[in-house]
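Chains as they are written, first to last, in our numbering: chain A, 1 to 448; chain B, 1 to 448.
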């Protein structure tokens, strides 16, 4: 088989932002009170001569803080450090987040842990607060950080911090690796108990991109000036992350560094949200979930080599867990993803991926999987333009598919796949992209 | 991002056999007594004008029979039919296997089940034995079989059956879909209790290939003239399949039709192997496992778009299950597979895939994963030419990798990755291939 590699080229994290992505980059925003942010150039990665790679967020007062970390057994030093910090501080007394891109500080042993602590301590000293800095890193793994260079630039990052849209944009840019556009959103909201107070939330994230020789890392920072109590922070963040950053698939690989953090400083005033049974909590939880999902979708929009944005909705499921596993299995299947790239209405592959989502691993006894009943299963495409759905499988029976209509739907960049299981009333939604030649180019060819 | 699709071409199941694969196709063989096989042309798939697509195996006497089927919840009609047959017959009284390619008879409802039964019954009538035929199908899903055409050709398949190498080669060819070469091996062996008797085993398989709009299907038929009792057949086959056909990964998708069947007719005589505690059983189990693994490796050699044959060995593991899950996770990772295609010694991605192999799914609490201890983990490349191993990670610490040596090793078609966990004495071996531009072309572009 002849492979003519030279035909393929992919843009690898280079500026400028591609024309098609400009619509995802805001020109203004409303940012939470009391937070100052910056993104400055250090040159963490050899060869980086200008891209900002050190990001700092500080609050002018103490914050409640929580984070969701990767479950990968090989956890990077900043993950270990930050997890311990939040435990020790019982989710209170957080002032800063310091992040470097260009080097993941992963698989770096005791020295790496010292480096992470050093980044935090240097930030703490500037801010004037002990044990109050969350640390994140993304980039190459297995190499020690150029730590002196980084800590030498932290005062500069602190000095340049501010609260304007431009500051937030620099902050967002500094955590990017091979992302083709910075990912920043902000929003205003109110809480039922203080209808007269206007709260703000802002968030940045970076997506599935990699630099040789390392892996995709997802980092997220969410900041709000609403008064959320430390005690409810972990629960509200976990709820939101499960339905946003944990509901997207680029390639199914989970990195050593994945971290999503939420800081709430209460600078806008009002009554503290301290009970999970309150209307305020409920409102904030829904707001945070939707906000996180909107941010997470940008990662999918920027998936490596992606040409499609695909929503997978699994409904009428016996349990939410079953719905999620089925959605994840469809989102992860290389056969489904290449069919989407090829604009092929291949419901057989969708069904197949659903059918093996809940089965026991090879070598284990067959399990029953009551969550799926073939005769009750329905699969449809929902067109992005609001036109009628295209039924592919109805109660386990294949429909005679209008191929012309299917092609029309698959020509659009956005697509929704709905799987109706007919075995309950639970549901889930998952976002994914396709697998293209460019994905292989970006992840396979960059060293050749 | 510009994608210039026209640059890529992939051979889709067309003859002739690629030059590089000819070494995997035997010119002769030693076949088990009492079995006759054939492969004839029916034209199951519209557009197929000459490729044999109906395969028949019959035994001149009753066989013990067993099969391992897909666990996919959407099971094809021939899977449902054959599973029930083997249950009803308690693994005894089997005479034939009838297989069509070009249509999977999957998601075809009650009519599809009737078609599978009709194929079996027509075969039974020719052979002169009731309820004795295993049925398999592979190809397009969601479409009814051209059943009349198929049953009309079964007498011809029976008529053409024979026991020569050419007959076995036709039998192997007739089950292929997008395979680039037929997969057939045969071997002689003896059992301890009858050292004077020469037994034979032969097997055919087909691999991970797909025709629009359907999915990869793995079919295997193993036949021996050794006298294996029906009672021990399921156990011996399961042992072998777990360590062969269940230890290979092309893309991680498990089809609706996967079936591996073993028939033993005892035609060579000797003492029946009826106890799992006997030396004969032990010998046969090891023979069958190695034989199956050799056949399974051909599927990896013929993986769609594959340019590399990769052995993943996970050793010093706490449990065999943990070793297998870790090997599967590495084999399935698109990041690992694209790095292998790019000839990149990316141990970070290997480590990453190991690190998330055993973690709980998103939304579930963190589990401990005692099977992996970062400081005890070692990763090496074993060169295919027998030269010294290249250590990438030693006791959790990255080695200074000689990139030139790494490139040398990765230039070879064959590669072995060894992961030493240091947490026990269990091990596993898994075979996989890389992800290339051609994989995307074959699975994404064929309809455009």
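Ideal Cβ positions, reconstructed from N, Cα and C, are used throughout, including at glycine.
Residues bridged to residue i [DSSP beta-bridge criterion]
i, result
"residue 390/A", "381/A"
"residue 136/B", "99/B"
"residue 430/A", "312/A"
"residue 184/B", "204/B"
"residue 194/B", "191/B"
"residue 54/A", "40/A, 100/A"
"residue 220/A", "205/A, 260/A"
"residue 411/B", "DSSP, once it has assigned bridges, lists no residue as partnering residue 411/B."
"residue 398/A", "393/A"
"residue 162/B", "37/B"
"residue 420/B", "315/B, 378/B"
Within chain B, partners of residue i - CB distance below 7 Å
i, result
"residue 101/A", "Those do not exist, as residue 101/A stays about 16 Å from chain B at its closest Cβ, beyond 7 Å."
"residue 141/A", "348"
"residue 398/A", "107, 142"
"residue 355/A", "72, 73, 74, 256"
Buried versus exposed call for residue i [16 or more other C-beta atoms within 10 Å across all chains shown]
i, result
"residue 222/B", "buried"
"residue 286/B", "exposed"
"residue 111/A", "exposed"
"residue 366/B", "exposed"
"residue 75/B", "buried"
"residue 61/B", "exposed"
"residue 394/A", "exposed"
"residue 148/A", "exposed"
"residue 437/B", "buried"
"residue 19/B", "exposed"
"residue 214/A", "Bear in mind that a pLDDT of 36 at residue 214/A, under 50, signals an unreliable position, so the number given afterwards is only what the model happens to contain. Buried, since its Cβ has 16 or more Cβ neighbours within 10 Å."
"residue 100/B", "buried"
"residue 413/B", "exposed"
"residue 188/B", "exposed"
"residue 128/A", "exposed"
"residue 303/A", "buried"
"residue 258/A", "buried"
"residue 398/B", "buried"
Proximity to residue i [Cα-Cα], best of the options
i, options, result
"residue 92/B", "337/B, 64/B, 118/B", "64/B"
"residue 387/B", "416/B, 360/B, 368/B", "416/B"
"residue 232/B", "203/B, 277/B, 39/B", "277/B"
"residue 103/B", "256/B, 244/B, 242/B", "256/B"
"residue 327/B", "247/B, 178/B, 159/B, 196/B", "247/B"
"residue 384/B", "310/B, 53/B, 346/B", "310/B"
"residue 390/B", "338/B, 161/B, 407/B, 396/B", "407/B"
"residue 411/A", "424/A, 381/A, 392/A, 291/A", "381/A"
"residue 21/A", "190/A, 333/A, 184/A", "184/A"
"residue 261/A", "372/A, 359/A, 134/A, 35/A", "134/A"
"residue 433/A", "351/A, 297/A, 360/A, 316/A", "297/A"
"residue 153/B", "28/B, 17/B, 353/B, 126/B", "126/B"
"residue 224/A", "243/A, 218/A, 204/A", "204/A"
"residue 97/B", "362/B, 399/B, 171/B", "171/B"
"residue 26/A", "181/A, 86/A, 324/A, 47/A", "181/A"
"residue 70/B", "305/B, 217/B, 301/B", "217/B"
"residue 469/A", "54/A, 82/A, 308/A, 336/A", "Because chain A spans 1 through 448 in this model, residue 469/A falls outside it and cannot be assessed."
Closer than 8 Å at the beta carbon, the chain A residues around residue i
i, result
"residue 402/B", "Residues of chain A passing the Cβ test: none, with the nearest at roughly 14 Å."
"residue 325/B", "361"
"residue 24/B", "In chain order: nothing, as chain A lies at least about 15 Å away."
"residue 430/B", "Correct list: empty, because the minimum Cβ distance to chain A is about 10 Å."
"residue 440/B", "338, 341, 435, 436, 437, 439, 440"
Beta-carbon neighbours of residue i, restricted to chain A and to distances below 9 Å
i, result
"residue 535/B", "Residue numbering for chain B in the displayed model covers 1 to 448; residue 535/B lies beyond these limits and cannot be assessed."
"residue 372/B", "73, 74"
Where residue i meets chain B, residues with beta-carbon distance less than 8 Å
i, result
"residue 164/A", "Under the 8 Å cutoff, chain B gives no residues; its nearest Cβ is about 32 Å from residue 164/A."
"residue 366/A", "71"
Proximal residues of chain A, C-beta to C-beta of residue i below 7 Å
i, result
"residue 232/B", "Neighbours of residue 232/B on chain A: none; closest Cβ ~18 Å, over 7 Å."
"residue 369/B", "73"
"residue 255/B", "352"
"residue 246/B", "362, 363"
Residue i Cβ short of 7 Å to the ligand NAP heavy atom set
i, result
"residue 127/B", "Here there are no bound small molecules, and the ligand NAP is not part of this structure."
At 4 residues or longer, and completely inside the segment 62-131 of chain A: list those alpha helix (DSSP H) runs for me, N to C. Segments of the alpha helix (DSSP H) lying fully in the segment 62-131 of chain A: 77-88, 109-127.
Mind pulling the alpha helix (DSSP H) runs of 4 or more residues that sit fully within the segment 240-282 of chain A? Within the segment 240-282 of chain A, no run of alpha helix (DSSP H) reaches 4 residues while sitting entirely inside it.
Contained alpha helix (DSSP H) runs [length at least 4] in the segment 285-370 of chain A, N- to C-terminal order: If we require 4 residues or more, the alpha helix (DSSP H) runs fully inside the segment 285-370 of chain A come out as 320-332, 334-341, 347-355.
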